[in-house]
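> Structure below; questions to follow.
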Amino acid sequence: MLKNPISKGGLYKAKLILFFVVVMLFVFYAGLIMVVADKVASNASVFQWLINSHVSNFEELVALCSSQPIIRTSIFGGLLVIAGVFYIRAMVGMVIRNTRTYHQLKAYKKKEGEGHIIIDSNRYEAFCGGIFQPCIYISNKVLESFSHEELESILAHEKIHQKSFDPLLIEVVKILTDSMQFIPGVKKLRSTFMIVTELYADQSSIDLAGREVVANSLYKMLVQEEYVSNGFARYTDQSVRIKVLIGQDYDLNLGSVGRYFAIILVITTVFLSSILQVNAVGYCEMREEGVIVVRSTSGDHSSEQMSRELLYTPL
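Start counting the sequence shown at 1; every next residue gets the next number (UniProt numbering).
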């Protein structure tokens, strides 16, 4: 549990841990998909080879391979299709988001400020944008409507996003989690990362301008009808930031992240063990072009089953 008051160092560590968990979860997920793809391809090769080839002891081969786990293979194939759809959707979403942001920024008249770019807009906008070269954008409407202390707190908040390369980290987290949406808890993991990222930037603003000024500036932004939620704010529950800024206790439940990661790891390990089981009755695979390997068990009820490996080649 991580409760308010939250230290800046604690938030930074929480941010790194959450990012690491997302990346490692995707690594396990990608590895699982690769193993599944290999097994599906191997089974497909076996079936095609059985149809197109003539082999010695053909009846025995067909009998052994007829117990090939077709249902399991079909399920794995379906999972591959679903995973592919989610991954393509995530990549398309990234392209659409960044293209839209690029054209929005291009449409603005801009001029250089002191460490930030001023955009000609009559809406309340202040955000950090740019994946590899993050820049701070602030509208002249904000410059005209906020006090000097409030502007300093806003810029301090965005500078943390800029120095931490948060646009890049956020984009990575969004792509990875979007491609794993069907895994339970992934959306909650992403939202927690977004909240921690914002709270960490808020702490820098508090160090500079004080908690009251930061809370006032955020509140003034949110209540404006012309406010545009850009950058990371569009993905974050702003009520959490308000609660923390006014001193209310808020549980981020970061302790559950480790338990969640451990559970996913165990499930992945069990699933991989099931996929990699090669001593099941009638397991067939292609060793090389034209050579099929059949691993099967034999024996009787009174003796321990023994494994055997048969090689079949075309006549």
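Here a beta-carbon is modelled for each residue, glycine too, at the ideal position from N, C-alpha and C.
Distance check for Ile-138 and Ile-242, CA to CA, integer angstroms please.
21 Å
> Taking contact to mean 3 or more Cβ pairs, one atom from each stretch, closer than 8 Å, check whether the region 107-118 and the region 169-184 are in contact.
no
> What whole-angstrom Cβ distance do Val-240 and Ile-195 have, given they're in contact under 8 Å?
5 Å
> Among Ile-136, Cys-135, Arg-97 and Gln-238, which residue has its Cα nearest to the Cα of Leu-222?
Gln-238
> Just how far apart, CA to CA, sit Glu-171 and Glu-149?
31 Å
> So is residue 317 buried or exposed if we call it buried at 16+ other beta carbons inside 10 Å?
Residue coverage of the chain in this structure runs from 1 to 315, which leaves residue 317 outside it and unanswerable.
> In this structure, how does DSSP classify Ser-67 when only helix, strand and coil are distinguished?
Confidence at Ser-67 is low in this model, with a pLDDT of 49, below 50, so the placement of that residue should be treated as unreliable; the coordinate-derived value is given next. Coil.
> With Phe-127 and Leu-168 assumed to form a contact (beta carbons below 8 Å), what rounded beta-carbon distance in angstroms separates them?
Not really, about 15 Å apart at Cβ, beyond 8 Å.
> For the putative contact between Leu-11 and Gln-203, defined by C-beta atoms under 8 Å, what is the C-beta separation to the nearest angstrom?
6 Å
> Alpha carbon to alpha carbon, how far is Val-213 from Ile-154? Give it in angstroms, no decimals.
Between the C-alpha atoms of Ile-154 and Val-213 there is a straight-line separation of about 10 Å.
> Consult DSSP for Ile-136 and reduce its assignment to one of helix, strand or coil.
strand
> Pick helix, strand or coil for Gly-77, following the three-state DSSP scheme.
Three-state result, Gly-77: helix.
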